[in-house]
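Engineer: Residue numbers (this note's numbering), protein chains in the order written: chain A, 17 to 352; chain B, 191 to 516. Quick one: the structure is below, questions incoming.
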Amino acid sequence: MATARAGRKADTKTAEKYRHYLRQMLLIRRFEEKAGEAYSLGKIGGFCHLYIGQEAVAVGTISQLRPDDYITATYREHGHALARGISARAVMAELFGKATGCSKGKGGSMHLFDASLGFLGGHGIVGGHIPLTTGMGFAIKYRNADQVAICYFGEAAINNGAFHEAANMAGIWKLPCIFICENNRYGMGTALDRATATWNISERASSYDMAREVVDGQDLGEVMAAMDRAVVRARRPASPTLLEIRTYRFVGHSMSDPIHGHYRTKEEVEAHRKRDPISLWDDKLRAENILDDATMEKMDAEVKAEVQDAYDFADQSPDPEPAELYTDVYAPRASE
Amino acid sequence: MPTLTYRDALNQALREEMARDADVFLMGEEVGVYQGAYKVSRGLLEEFGPNRVVDTPITELGFAGVGIGAAMVGLKPVIEFMTWNFALLAIDQIVNSAAKLRYMSGGQVPMQIVFRGPCGAALQLAAQHSQNFESMYANIPGLKVVIPATPADAKGLLKAAIRDPDPVVFMEGEMLYNIKGEVPEGEHVVPIGVAEVKRAGDHVTIVCWGKTVALALKAADQLAAEEISVEVVDLRTIRPLDVATVLASVRKTHRAVVAEEGWYFAGVGAQVVDEIQSQAFDELDAPVVRVTSADVPMPYNKHLEKAAKVSVERIAAAVKKVLYLD
Numbered sequence: 017m018a019t020a021r022a023g024r025k026a027d028t029k030t031a032e033k034y035r036h037y038l039r040q041m042l043l044i045r046r047f048e049e050k051a052g053e054a055y056s057l058g059k060i061g062g063f064c065h066l067y068i069g070q071e072a073v074a075v076g077t078i079s080q081l082r083p084d085d086y087i088t089a090t091y092r093e094h095g096h097a098l099a100r101g102i103s104a105r106a107v108m109a110e111l112f113g114k115a116t117g118c119s120k121g122k123g124g125s126m127h128l129f130d131a132s133l134g135f136l137g138g139h140g141i142v143g144g145h146i147p148l149t150t151g152m153g154f155a156i157k158y159r160n161a162d163q164v165a166i167c168y169f170g171e172a173a174i175n176n177g178a179f180h181e182a183a184n185m186a187g188i189w190k191l192p193c194i195f196i197c198e199n200n201r202y203g204m205g206t207a208l209d210r211a212t213a214t215w216n217i218s219e220r221a222s223s224y225d226m227a228r229e230v231v232d233g234q235d236l237g238e239v240m241a242a243m244d245r246a247v248v249r250a251r252r253p254a255s256p257t258l259l260e261i262r263t264y265r266f267v268g269h270s271m272s273d274p275i276h277g278h279y280r281t282k283e284e285v286e287a288h289r290k291r292d293p294i295s296l297w298d299d300k301l302r303a304e305n306i307l308d309d310a311t312m313e314k315m316d317a318e319v320k321a322e323v324q325d326a327y328d329f330a331d332q333s334p335d336p337e338p339a340e341l342y343t344d345v346y347a348p349r350a351s352e
Numbered sequence: 191m192p193t194l195t196y197r198d199a200l201n202q203a204l205r206e207e208m209a210r211d212a213d214v215f216l217m218g219e220e221v222g223v224y225q226g227a228y229k230v231s232r233g234l235l236e237e238f239g240p241n242r243v244v245d246t247p248i249t250e251l252g253f254a255g256v257g258i259g260a261a262m263v264g265l266k267p268v269i270e271f272m273t274w275n276f277a278l279l280a281i282d283q284i285v286n287s288a289a290k291l292r293y294m295s296g297g298q299v300p301m302q303i304v305f306r307g308p309c310g311a312a313l314q315l316a317a318q319h320s321q322n323f324e325s326m327y328a329n330i331p332g333l334k335v336v337i338p339a340t341p342a343d344a345k346g347l348l349k350a351a352i353r354d355p356d357p358v359v360f361m362e363g364e365m366l367y368n369i370k371g372e373v374p375e376g377e378h379v380v381p382i383g384v385a386e387v388k389r390a391g392d393h394v395t396i397v398c399w400g401k402t403v404a405l406a407l408k409a410a411d412q413l414a415a416e417e418i419s420v421e422v423v424d425l426r427t428i429r430p431l432d433v434a435t436v437l438a439s440v441r442k443t444h445r446a447v448v449a450e451e452g453w454y455f456a457g458v459g460a461q462v463v464d465e466i467q468s469q470a471f472d473e474l475d476a477p478v479v480r481v482t483s484a485d486v487p488m489p490y491n492k493h494l495e496k497a498a499k500v501s502v503e504r505i506a507a508a509v510k511k512v513l514y515l516d
């Protein structure tokens with residue numbers, strides 16, 4: 017009897033966890049929709065790259081990490097920041113360039129940071145952050161610790177020298193790094209097969225004595241399972257993994273790029289939209305009887321309210337003080 | 191005080207700082223088993239082991255980035271480039287990552303890192319191995335740029351650079367490694383951002399750094415025989431520039447020459463001249479003259495190479511020019 021009760025309890029816990037992941041994906045979706053609106057209203061400037069369609073990748077992978085692990089990402093990183101637990105308020109305020117943003121309004125959409133959560137950036141140069149993550153893996157090993165360092169990048173980055181140089185060192189030194197290639201099929205507007213001589217990206221890992229997996233990035237369960245295996249490999253004794261997670265961007269490259277047009281057809285986008293990661297996970301939870309209409313409606317209402325609150329917070333927050341222009345260029349002097 | 195070569199002074203600084211702080215490590219090509227391409231890291235692998243003296247593949251961008259990533263989580267890397275010519279492959283990491291991460295994270299990311307290696311021309315190494323890049327790096331907010339000219343400054347400035355909380359571009363003179371000088375033992379730290387008057391004089395100020403310091407001192411010796419008294423100001427740090435020391439000297443001599451190993455166009459000397467003209471215009475008795483390398487890629491032929499380089503004679507001629515003695 018005791019065993020059966022423990023089993024039921026664990027199921028409840030799992031169910032809660034699964035609903036939480038659904039909520040996280042929904043939060044990213046609604047957040048990004050709101051960010052798109054705010055961009056159109058001129059509340060957000062510069063470049064803004066939305067994550068709609070790829071939510072299961074960030075949520076599924078980050079769900080398997082410990083709070084002391086390190087994460088870096090590209091300039092399409094709103095979703096990763098939210099999945100890691102940076103508040104919607106702090107992320108939206110950063111997009112608005114406000115003093116209350118997670119980078120004090122100095123980074124913007126492409127440079128979200130929260131060092132207290134090990135979230136070490138949104139980086140703007142394709143491939144440039146891959147060696148940085150490898151360096152975090154080096155530091156973990158240097159300190160004989162058991163954290164992992166993970167890095168997100170698009171499939172276009174795997175042709176970049178930075179990827180190969182970093183992956184090689186992770187392979188030589190057996191660093192606790194997980195290289196997560198979010199293969200959304202297009203490097204901006206250039207299709208994978210136009211930019212990459214061998215389309216099977218994960219095979220690149222074999223050049224660097226690294227484990228590899230190809231993962232369906234629209235299926236949260238698969239993403240979590242593959243990430244769990246990669247994390248086990250990366251914790252002591254460490255070894256690196258290349259995860260090629262196949263996904264699809266439901267929106268344009270950035271706010272100035274239409275959803276379809278020159279480089280992909282409407283039909284192609286619509287076909288991919290049928291495998292919406294949120295709907296797929298929703299279906300799965302309903303099939304397992306751990307989600308119903310009432311719960312889903314309540315969750316959606318909560319998420320919308322959270323996003324509206326983030327928007328209002330960002331809108332009402334102050335700009336950085338003019339003196340902030342000159343702070344953080346160098347470390348504060350000891351006397352300051 | 192012991193006499194050491196510039197190379198051994200750097201080695202001593204590395205050894206002392208690595209012994210002082212377990213977060214400091216050395217990474218680069220041939221720094222370990224080979225003992226350093228220029229032997230600056232001689233003996234360090236044996237003393238500190240392969241975890242702290244790390245040989246890398248020939249991938250400057252990659253290992254510069256690895257160092258920066260390690261600095262982002264609190265380590266204090268010293269990244270050796272075999273020469274600064276090769277560091278061009280890593281400039282994205284130095285400029286886009288090291289120089290900016292603190293700022294664009296709103297002050298959250300630490301960046302205590304030194305990038306070091308030899309710069310400038312040696313002998314007949316031709317165009318790709320004979321370059322100075324201090325003006326490029328000094329242009330970047332977020333970086334500090336240091337170029338020691340003597341063994342004592344090499345030790346003291348490298349110790350300061352390793353302890354500095356910001357990214358430091360540390361440029362050594364390839365032709366200076368064998369020069370000898372007195373070097374204080376132990377705790378000898380030369381502050382970053384402070385120039386030094388290497389020779390006091392009354393008639394003309396020569397502003398110089400790195401390899402041109404020795405040339406300027408030699409020129410000053412020669413000119414003394416002609417009763418021309420030259421003050422030699424060694425900048426030691428290019429960024430942050432010690433403008434006050436330069437101006438104090440110009441206010442005394444009223445004439446200045448800037449001697450720079452790098453190229454003319456948009457060189458560091460142009461910045462020095464601007465600081466002088468904007469802050470001490472009325473002190474000047476003559477336009478400031480710049481001496482630089484010829485505005486060409488470095489040729490291989492030894493006669494052409496000699497003609498391209500800054501020399502004692504060209505510096506002395508510039509001094510006479512600002513004195514209207516030419």
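Ideal Cβ positions, reconstructed from N, Cα and C, are used throughout, including at glycine.
Taking 7 Å as the CB-CB limit, is TYR114 of chain A close to chain B?
Structural biologist: Correcting the residue identity first, residue 114 of chain A is Lys in this sequence and not Tyr. It does not: the Cβ of LYS114 of chain A has no partner Cβ on chain B nearer than 7 Å.
Engineer: What are the boundary residues of the beta strand (DSSP E) that LEU194 of chain B is part of?
Structural biologist: Here the beta strand (DSSP E) through LEU194 of chain B covers 193 to 195.
Engineer: Using only alpha-carbon positions, find the residue among A:THR311, A:VAL285, A:LEU236 that is nearest to TRP297 of chain A.
Structural biologist: Nearest C-alpha to TRP297 of chain A: A:LEU236.
Engineer: What did DSSP end up calling VAL244 of chain B once you bin it into helix, strand or coil?
Structural biologist: The answer is strand: DSSP assigns VAL244 of chain B an E or B state.
Engineer: When DSSP labels each residue in this structure, what does ALA20 of chain A get in the three-state scheme?
Structural biologist: Note that ALA20 of chain A has pLDDT 41, beneath the 50 cutoff, so the model's placement of it is unreliable and the number below is only indicative. Helix.
Engineer: From LEU81 of chain A to VAL142 of chain A, what does the alpha carbon distance come to, in whole angstroms?
Structural biologist: Cα to Cα, the separation comes out at about 24 Å.
Engineer: Does the beta-carbon distance from ASP354 of chain B to VAL384 of chain B come in below 7 Å?
Structural biologist: The answer is no: Cβ separation not under 7 Å.
Engineer: Indicate whether at least one CB of chain B lies closer than 7 Å to the CB of LYS122 of chain A.
Structural biologist: Chain B, which has a Cβ nearer than 7 Å to the Cβ of LYS122 of chain A, makes this yes.
Engineer: Taking just the CA atoms, how far does MET262 of chain B sit from GLN298 of chain B?
Structural biologist: For GLN298 of chain B and MET262 of chain B, the distance between alpha carbons rounds to 9 Å.
Engineer: Would you say ALA260 of chain B lies against chain A (beta-carbon separation less than 7 Å)?
Structural biologist: By this cut-off, ALA260 of chain B is an interface position.
Engineer: Is it buried or exposed for SER125 of chain A, if we count other Cβ within 10 angstroms and need 16 for buried?
Structural biologist: Buried.
Engineer: Going straight from the alpha carbon of ALA22 of chain A to that of LEU38 of chain A, what length do you get?
Structural biologist: Note that ALA22 of chain A scores 41 on pLDDT, short of 50, meaning its location in the model is unreliable; the coordinates nonetheless yield the value given after this. Straight-line Cα distance between these residues: approximately 24 Å.
Engineer: Evaluate contact between the segment 397 to 407 of chain B and the segment 443 to 452 of chain B, counting only Cβ atoms and requiring at least three cross-stretch pairs below 8 Å.
Structural biologist: Judged by Cβ distances under 8 Å, the segment 397 to 407 of chain B makes contact with the segment 443 to 452 of chain B, as three or more pairs qualify.
Engineer: Any residues in the segment 122 to 156 of chain A with a beta carbon nearer than 7 Å to a beta carbon of chain B? Which ones, in chain order?
Structural biologist: Going along the segment 122 to 156 of chain A in chain order, one finds LYS122, GLY123, HIS127, PHE129, ALA131, LEU136, GLY137, ILE141, GLY144, PRO147, LEU148, THR149, THR150, GLY151, MET152, PHE154, ALA155 with a Cβ nearer than 7 Å to chain B.
Engineer: Using only the alpha-carbon positions, how far apart do LEU513 of chain B and VAL502 of chain B sit?
Structural biologist: Straight-line Cα distance between these residues: approximately 17 Å.
Engineer: Let me confirm a value: LYS290 of chain B is counted as buried when at least 16 other C-beta atoms fall within 10 Å, else exposed. Which label applies?
Structural biologist: Classification for LYS290 of chain B: buried.
Engineer: From the DSSP secondary-structure annotation, give me the bridge partner or partners of LYS120 of chain A.
Structural biologist: According to DSSP, LYS120 of chain A bridges with nothing at all.
Engineer: Could you name the residues of the segment 237 to 260 of chain B whose beta carbon sits closer than 9 Å to any beta carbon of chain A, in the order they occur along the chain?
Structural biologist: Within the segment 237 to 260 of chain B, the qualifying residues are ASN241, ARG242, VAL244, THR246, PRO247, THR249, GLU250, LEU251, GLY252, PHE253, ALA254, GLY255, VAL256, GLY257, ILE258, GLY259, ALA260.
Engineer: Could you check where the alpha helix (DSSP H) with TYR158 of chain A kicks off and where it finishes?
Structural biologist: Per DSSP, TYR158 of chain A belongs to the alpha helix (DSSP H) from 145 to 158.
Engineer: Would you verify that the beta carbon of TYR346 of chain A is, or is not, closer than 7 Å to some beta carbon of chain B?
Structural biologist: Yes - at least one Cβ of chain B is within 7 Å of the one on TYR346 of chain A.
Engineer: Starting from PHE179 of chain A, trace the beta strand (DSSP E) in both directions and tell me its first and last residue.
Structural biologist: It is not in any beta strand (DSSP E) - PHE179 of chain A instead sits in the alpha helix (DSSP H) that spans 177 to 189.
Engineer: By DSSP, does ASN305 of chain A sit in helix, in strand, or in coil?
Structural biologist: Here ASN305 of chain A sits in coil by DSSP.
Engineer: Kindly confirm or deny that the segment 329 to 343 of chain A and the segment 355 to 370 of chain B touch, where touching means at least three C-beta pairs closer than 8 Å.
Structural biologist: Result no; under three Cβ-Cβ pairs closer than 8 Å.
Engineer: When the distance is taken between beta carbons, is SER270 of chain A closer than 7 Å to PHE63 of chain A?
Structural biologist: In this structure, SER270 of chain A lies closer than 7 Å to PHE63 of chain A by Cβ.
Engineer: Under 8 Å Cβ-Cβ, which residues of chain B neighbour SER119 of chain A?
Structural biologist: Near SER119 of chain A (Cβ distances below 8 Å), the residues of chain B are MET294, SER295, GLY296, GLN298.
Engineer: Within a Cβ cutoff of 6 Å, which residues of the same chain sit near THR19 of chain A, ignoring the five residues on either side of it in sequence?
Structural biologist: Residue confidence is low: THR19 of chain A scores 39 on pLDDT, short of 50, so the model does not pin down where it sits. No coordinate-derived value is stated.
Engineer: Taking Cβ-Cβ distances below 7 Å as the criterion, which residues of the segment 326 to 346 of chain B are in contact with chain A?
Structural biologist: The residues in question are PRO331, GLY332.
Engineer: In chain A, what lies closer than 7 Å to VAL263 of chain B by C-beta?
Structural biologist: Chain A residues near VAL263 of chain B: TYR86, MET152, ALA155.
Engineer: Work out the CA separation of GLU377 of chain B and MET185 of chain A for me, nearest whole Å.
Structural biologist: For MET185 of chain A and GLU377 of chain B, the distance between alpha carbons rounds to 35 Å.
Engineer: I want to see whether chain A comes within less than 7 Å of ASP356 of chain B, judged by CB atoms only; does it?
Structural biologist: Output row for ASP356 of chain B: interface = yes.
Engineer: Between the segment 277 to 292 of chain B and chain A, which residues of the former have CB atoms less than 8 Å from a CB of the latter, in chain order?
Structural biologist: Listed in sequence order: ASP282, GLN283, ASN286, SER287, LEU291, ARG292.
Engineer: Under a Cβ-count criterion, where at least 16 other Cβ atoms within 10 Å of its own Cβ denotes burial, should VAL458 of chain B be classed as buried or exposed?
Structural biologist: When all chains shown are included, VAL458 of chain B counts as buried.
Engineer: Along the chain, where does the alpha helix (DSSP H) containing PRO341 of chain B start, and where does it finish?
Structural biologist: PRO341 of chain B -> alpha helix (DSSP H) spans 341 to 353.
Engineer: Can you pull the chain A neighbours of PHE215 of chain B, defined as C-beta to C-beta under 8 Å?
Structural biologist: Those are TYR158, listed as they occur along chain A.
Engineer: Taking Cβ positions only, does ARG21 of chain A come closer than 7 Å to chain B?
Structural biologist: In this prediction, ARG21 of chain A has a pLDDT of 43, which is less than 50 and means its spatial position is unreliable; nothing more can be read from the coordinates.
Engineer: Given LYS510 of chain B, which residues of its chain have a CB within under 7 Å of its CB, disregarding the five upstream and five downstream residues?
Structural biologist: Within the same chain, LYS510 of chain B has close Cβ partners ASP516.
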